[in-house]
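Each number in my numbering comes from the position in the sequence shown (counting from 1) with 28 added on. Note sheet for the following structure.
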Amino acid sequence: MEAKKDFSDLEQEVIDNGKCALCGGCVATCRLLNYGYLSVDHDKERPVMGEGLECPPDCGYCYYQCPRVEKPEMRHELEEMYEVVATDEGLRAAAQDGGAVTALLAYALADGIVEGCVTVVRDEHWKTRVQVAMDRSSLIKAAGSKYTPSAALTGIPDAIIDRGLWSVALVGTPCQIAGYEKMLAVGRDTHNAHNFASIIRLRIGLFCMGSYSYKGLVNEYLAAERGINIREVTGMQISNNVLHVYSNAKELLSTDISEIEPYKREGCRICEDFTALFSDISVGNSGTPEGKSTVIVRTYLGKDIFEGAVERGFIDAKPLDPSGTELVHRLMEQKKRAGIAEKERRKTGK
Ligand code: SF4
Ligand code: SF4
Ligand code: SF4
Numbered sequence: 029m030e031a032k033k034d035f036s037d038l039e040q041e042v043i044d045n046g047k048c049a050l051c052g053g054c055v056a057t058c059r060l061l062n063y064g065y066l067s068v069d070h071d072k073e074r075p076v077m078g079e080g081l082e083c084p085p086d087c088g089y090c091y092y093q094c095p096r097v098e099k100p101e102m103r104h105e106l107e108e109m110y111e112v113v114a115t116d117e118g119l120r121a122a123a124q125d126g127g128a129v130t131a132l133l134a135y136a137l138a139d140g141i142v143e144g145c146v147t148v149v150r151d152e153h154w155k156t157r158v159q160v161a162m163d164r165s166s167l168i169k170a171a172g173s174k175y176t177p178s179a180a181l182t183g184i185p186d187a188i189i190d191r192g193l194w195s196v197a198l199v200g201t202p203c204q205i206a207g208y209e210k211m212l213a214v215g216r217d218t219h220n221a222h223n224f225a226s227i228i229r230l231r232i233g234l235f236c237m238g239s240y241s242y243k244g245l246v247n248e249y250l251a252a253e254r255g256i257n258i259r260e261v262t263g264m265q266i267s268n269n270v271l272h273v274y275s276n277a278k279e280l281l282s283t284d285i286s287e288i289e290p291y292k293r294e295g296c297r298i299c300e301d302f303t304a305l306f307s308d309i310s311v312g313n314s315g316t317p318e319g320k321s322t323v324i325v326r327t328y329l330g331k332d333i334f335e336g337a338v339e340r341g342f343i344d345a346k347p348l349d350p351s352g353t354e355l356v357h358r359l360m361e362q363k364k365r366a367g368i369a370e371k372e373r374r375k376t377g378k
């Protein structure tokens, strides 16, 4: 029988091998198991193990639950696409695009579907932090895209262990939602520590073409090369392959994303998922006009919550225009092909 693998194998095969998505799943799993040996080194943007710690020989869950060791198995329920806008003007103004993510979470909190939401906030330097939002104002703080890594799954033990919550929404990039699916697949029938499998009630995935190293994107590119004072930046958005950087209504920069390609995380280059295929509801801006969100309902659970949000007046929705659907499908295919090609390139060295 093959010896059980552990974090040292994860380091060797995934983290040091340019495959880590920094989803945070390994760190979350180790903490849910009450070991807490792993943490995220934010400078190096990678999971690390505390010094001098020795893992129990029968563990190894951090390795097996990693979505980059083996992908989770795909399940297909639905693919209903909508153009969505939050009805609350204040919320829409604070959020990006149509504010669909914030509005859906606000509805889930208001109707008691969840008690808290794992989301990501940023500080004035655009450094990210995972938070458990319990009210509207914390949700609003988390609105808007960040484009630097965040290890969102570390918010799961924060919600369950630190806050003692029993129903939680998870918002994340496609790799993070896939990471949770893999945690579920590996953990549900084995450890299911702290009953995490039944506590995550809703998964909202964010469209993603890539995440960029903080040092590269913020320090080297925006600050040093473009002379932008990062503290003045109030918004960043990548749309149609263009990076827009804003200071309130003023656009500070608009440039093709090929400019920031050198700073893309290695783990993102092999990523094949644009729309978060493992989410209940996926949200992005491709395929809808400015000020609107594209929403893909992927599961029956997601459909119930989406329809509840419409009925209770948190969002307005209409079916996505066929040209929008076509664009989303094209981008999905484009990212899938790019990820496969990069994996092949690494394998063959060409
Ligand atoms: S991809 Fe996620 S689970 Fe795998 S090593 Fe990176 S952070 Fe850990
Ligand atoms: S093998 Fe177990 S204890 Fe060791 S780092 Fe992985 S999850 Fe934590
Ligand atoms: S490109 Fe893929 S790996 Fe990178 S942040 Fe987006 S979903 Fe995660």
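Positions of the beta carbon are idealized from the N, C-alpha and C atoms, including for glycine. Here the structure is a predicted model, which is why all the values come from computation and not from measurement.
Check your understanding: residue 53 and residue 162: beta carbons closer than 9 Å?
Key -> no
Check your understanding: In chain order, what residues place their C-beta within less than 5 Å of a heavy atom belonging to ligand 3?
Key -> 49, 201, 202, 203, 236, 238, 239, 296, 299
Check your understanding: What residue range is occupied by the uninterrupted beta strand (DSSP E) comprising residue 77?
Key -> 74-77
Review point. Is residue 91 near ligand 2, going by C-beta to nearest heavy atom under 8 Å?
Key: yes
Review point. For ligand 1, is there a heavy atom less than 8 Å away from the beta-carbon of residue 83?
Key: no
Practice item. Inspect the CB distances between the segment 355-367 and the segment 297-305 and report whether three or more fall short of 8 Å. Key: yes
**Study point:** Inter-residue Cα distance where the pair is residue 306 and residue 360
**Key:** 14 Å
Point to revise | Cα-Cα separation between residue 217 and residue 283, rounded to whole angstroms | key: 47 Å
**Study point:** Contacting residues, own chain, Cβ-Cβ under 7 Å from residue 100 (five flanking each side not counted)
**Key:** 206, 209, 210, 213, 306
Review point. From residue 236 to residue 116, what distance separates their C-alpha atoms?
Key: 25 Å
**Study point:** Alpha carbon of residue 170 to alpha carbon of residue 176, nearest angstrom
**Key:** 14 Å
Review point. Hey, how far is the Cα of residue 124 from the Cα of residue 150?
Key: 14 Å
**Study point:** Helix, strand or coil at residue 186 [DSSP, three-state]
**Key:** helix
Check your understanding: Are there 16 or more other CB atoms within 10 angstroms of the CB of residue 78, so buried, or fewer, so exposed?
Key -> exposed
Exercise for review: Take the Cβ of residue 314 as the centre, count every other Cβ of all protein chains shown within 10 Å, and call the residue buried at 16 or more, exposed below.
Suggested key: buried
Review point. Can you name the start and end residues of the beta strand (DSSP E) that residue 326 belongs to?
Key: Careful: residue 326 lies outside any beta strand (DSSP E) and carries neither H nor E.
Check your understanding: Can residue 181 be considered in contact with ligand 2, in the sense that its beta carbon sits closer than 8 Å to one or more heavy atoms?
Key -> no
Exercise for review: Entirely within the segment 35-118 and at least 4 residues each: give me those alpha helix (DSSP H) ranges in chain order.
Suggested key: 35-38, 53-60, 89-92
Practice item. Decide if the segment 124-142 is in contact with the segment 189-199; the criterion is three or more beta carbon pairs, one per stretch, under 8 Å apart. Key: yes
Practice item. Determine the closest residue to residue 145 out of 181, 118, 72, 119, with distance taken between C-alpha atoms. Key: 181
**Study point:** Own chain, CB closer than 6 Å to residue 215, minus 5 neighbours either side, in chain order
**Key:** none
Review point. Sorry if obvious, but does the Cβ on residue 97 come closer than 8 Å to a heavy atom of ligand 1?
Key: yes
Exercise for review: Could you please give me the residues that DSSP links to residue 264 through a beta bridge?
Suggested key: 273
Exercise for review: Locate the beta strand (DSSP E) running through residue 230, then write down its first and last residues.
Suggested key: 228-234
Check your understanding: When every heavy atom of ligand 2 is checked, does at least one fall within less than 8 Å of the C-beta of residue 208?
Key -> no
**Study point:** residue 355 (DSSP reduced to helix, strand or coil)
**Key:** helix
Exercise for review: Specify whether the segment 107-114 and the segment 81-98 touch according to this definition: at least 3 beta carbon pairs, one from each stretch, less than 8 Å apart.
Suggested key: no
**Study point:** Buried or exposed by the 16-neighbour rule on C-beta atoms within 10 Å, applied to residue 278
**Key:** exposed
Check your understanding: Quick one: does the C-beta of residue 33 sit closer than 8 Å to a heavy atom of ligand 1?
Key -> no
Point to revise | C-alpha distance - residue 370 paired with residue 296, whole-angstrom precision | key: 10 Å
Check your understanding: Sorry if obvious, but does the Cβ on residue 94 come closer than 8 Å to a heavy atom of ligand 1?
Key -> yes
**Study point:** CB contact flag (residue 17, residue 118, <9 Å)
**Key:** Residue 17 lies beyond the residue range present for the chain, which begins at 29 and ends at 378; the question has no answer from this structure.
Exercise for review: Just tell me which of 238, 231, 248 has its CA closest to the CA of residue 324.
Suggested key: 231
Check your understanding: Taking just the CA atoms, how far does residue 48 sit from residue 97?
Key -> 9 Å
**Study point:** Reference residue 183, options 148, 287, 290, closest by Cα
**Key:** 148
Review point. Should residue 59 go down as buried or exposed, given a rule of 16 or more other Cβ atoms within 10 Å for buried?
Key: buried
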